[in-house]
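Q: Sharing a structure, written as structure tokens. Questions coming.
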Ligand code: SF4
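Numbering (the working numbering), first residue to last: 2 to 292.
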């Protein structure tokens with residue numbers, strides 16, 4: 002039996018890791034970008050980001066003042082557990098106090114802030130059920146700067162691949178410096194309006210060094226990454242070679258009469274953390290190198 006206390010404690014640890022330590026693939030992408038830039042301005046912006054990331058890790062403090070709202074991805078294997086959702090919500094309340102995290106979750110109309118990052122449907126939960134012998138919990142703290150420029154396009158099927166590329170380019174250009182570039186584009190193609198948006202966000206869970214398993218989608222990811230970097234927005238919007246750290250795509254079959262495309266924009270602070278909890282009490286942090 003995986004206890005409520007263990008899930009709660011692990012949630013606090015996940016939130017701490019997510020907000021204070023970037024996953025290795027994102028750090029590497031930022032370092033590679035720093036090495037690639039030649040001009041002083043983009044280089045200095047990337048250096049400031051990398052210094053900030055190192056300081057956050059060293060001092061176990063959030064790498065950005067916007068610690069986001071919390072989107073959880075829970076895969077429930079064939080294990081006996083206490084109430085998972087209740088335990089995670091308690092972990093969010095505790096994590097907000099002890100890490101500390103900025104209380105970002107407010108009522109959308111009254112703007113009332115309970116001060117603990119918990120509100121109606123927040124944290125938000127995505128569930129899956131698996132045959133695994135563990136419970137897997139992932140969290141993506143999502144800042145507003147990048148989320149606010151995310152977009153959904155309900156294209157006509159006739160728009161085709163050309164229309165998809167144009168839509169993604171338009172989203173990137175309209176976003177400009179607002180999402181704290183270099184950014185990662187999480188693209189969802191197909192499904193329905195809500196499925197496309199969800200796939201866009203979920204694609205951001207995939208490490209930057211892993212391409213889509215299907216060759217033609219992987220090729221589209223590469224092509225968009227290379228060509229869109231030529232727009233020259235650059236680190237923090239001050240120009241340069243690095244506008245994007247990556248493009249991840251997920252797709253789903255869709256109605257013959259529609260072509261939904263969603264872009265979930267993620268800033269350089271591409272925070273995510275995940276772990277597996279086993280019934281014997283072992284916790285393995287899959288995004289942050291082990292136990
Ligand atoms: S967009 Fe990202 S890096 Fe910029 S303020 Fe928001 S969370 Fe921080």
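Beta carbons are placed, not taken as given, at the ideal position from N, Cα and C, and that holds for glycine.
Owing to the predicted nature of the structure, the values given are computational and were not obtained by experimental measurement.
Pick helix, strand or coil for residue 122, following the three-state DSSP scheme.
A: Within the chain shown, residue 122 is the residue found at index 121, counting from 1. Coil, per DSSP.
Q: Would you call the CB atoms of residue 261 and residue 160 closer than 8 Å?
A: Numbered from its first residue, the chain shown carries residue 261 at position 260. Numbered from its first residue, the chain shown carries residue 160 at position 159. Contact flag unset, no.
Q: I need the straight-line Cα distance from residue 279 to residue 135, nearest angstrom please.
A: On the chain shown, position 278 is the one that residue 279 refers to. On the chain shown, position 134 is the one that residue 135 refers to. Computed Cα separation, rounded: 5 Å.
Q: Buried or exposed, going by whether 16 or more other CB atoms sit within 10 Å of the CB of residue 73?
A: Within the chain shown, residue 73 is the residue found at index 72, counting from 1. Burial call: buried.
Q: Closer than 7 Å: is that where the CB of residue 235 sits relative to any heavy atom of ligand 1?
A: By 1-based counting over the chain shown, the position of residue 235 is 234. False, no ligand heavy atom lies under 7 Å from that Cβ.
Q: Taking the Cβ atom as the reference point for each residue, do residue 234 and residue 177 lie within a distance shorter than 8 Å?
A: The residue you call residue 234 lines up with position 233 of the chain shown. The residue you call residue 177 lines up with position 176 of the chain shown. Yes, the Cβ-Cβ distance between residue 234 and residue 177 is below 8 Å.
Q: Would you list the one or two residues that DSSP bridges to residue 276?
A: Sequence index remark: in the chain shown, residue 276 carries index 275 (1-based). Note: residue 276 sits in a beta bridge opposite 138 and 286.
Q: Where do the N-terminal and C-terminal ends of the alpha helix (DSSP H) with residue 165 fall, by residue?
A: Position 164 of the chain shown, counted from the start, is the residue given in the question as residue 165. 161–176 is the span of the alpha helix (DSSP H), which, as asked, contains residue 165.
Q: Evaluate residue 2 with the Cβ neighbour count: other Cβ atoms within 10 Å of its Cβ, from every protein chain shown; 16 or more gives buried, anything less gives exposed.
A: Mapped onto the chain shown, residue 2 falls at position 1. Result: exposed.
Q: Starting from residue 76, follow the alpha helix (DSSP H) in both directions and report where the run begins and ends.
A: Here residue 76 refers to the residue found at position 75 of the chain shown. Careful: residue 76 lies outside any alpha helix (DSSP H), inside the beta strand (DSSP E) at 70–77.
Q: Assess, as a yes-or-no matter, whether the region 53–71 is touched by the region 137–152 under the definition of 3 or more beta carbon pairs within less than 8 Å.
A: Flag = yes, the region 137–152 and the region 53–71 touch.
Q: Under DSSP, the beta strand (DSSP E) around residue 155 begins and ends at which residues?
A: Here residue 155 refers to the residue found at position 154 of the chain shown. Its beta strand (DSSP E) spans residues 152–156.
Q: May I ask which residues mark the beginning and end of the beta strand (DSSP E) holding residue 251?
A: If you number the chain shown from 1, residue 251 lands on position 250. Segment 245–253, the beta strand (DSSP E) holding residue 251.
Q: Please report the residue range of the beta strand (DSSP E) in which residue 60 lies.
A: As a position in the chain shown, residue 60 is number 59, starting the count at 1. Run containing residue 60: none in the beta strand (DSSP E); it sits in the alpha helix (DSSP H), 41–60.
Q: So residue 8 is in the alpha helix (DSSP H); what residue range does that whole segment cover?
A: As a working mapping, residue 8 is identified with position 7 in the chain shown. First-last of the alpha helix (DSSP H) with residue 8: 5–21.
Q: Exposed or buried, which one is residue 289 when buried takes at least 16 other CB atoms within 10 Å?
A: Taking the first residue of the chain shown as position 1, residue 289 is located at position 288. Residue 289 should be labelled buried.
Q: Quick one: what does DSSP say residue 220 is sitting in, helix, strand or coil?
A: By one-based count along the chain shown, residue 220 stands at place 219. Helix at residue 220.
Q: Please classify residue 272 as buried or exposed, where buried requires at least 16 neighbouring CB atoms within 10 angstroms.
A: One-based indexing of the chain shown puts residue 272 at position 271. With 16 or more Cβ atoms within 10 Å of its Cβ, residue 272 is classed as buried.
Q: Residue 137 and residue 61 look like a contact to me (Cβ under 8 Å); what is the Cβ gap, rounded to whole Å?
A: Start at 1 with the first residue of the chain shown, and residue 137 comes out as number 136. Start at 1 with the first residue of the chain shown, and residue 61 comes out as number 60. Incorrect: roughly 24 Å between the Cβ atoms, too far for contact.
Q: Under 6 Å Cβ to Cβ from residue 139, same chain only, skipping five residues before and after it: list those, please.
A: The count along the chain shown starts at 1 and reaches residue 139 at position 138. Hits under 6 Å: 74 and 275.
Q: In angstroms with no decimal places, state the Cα-to-Cα distance between residue 64 and residue 125.
A: As a working mapping, residue 64 is identified with position 63 in the chain shown. As a working mapping, residue 125 is identified with position 124 in the chain shown. The straight-line gap from Cα to Cα measures roughly 22 Å.
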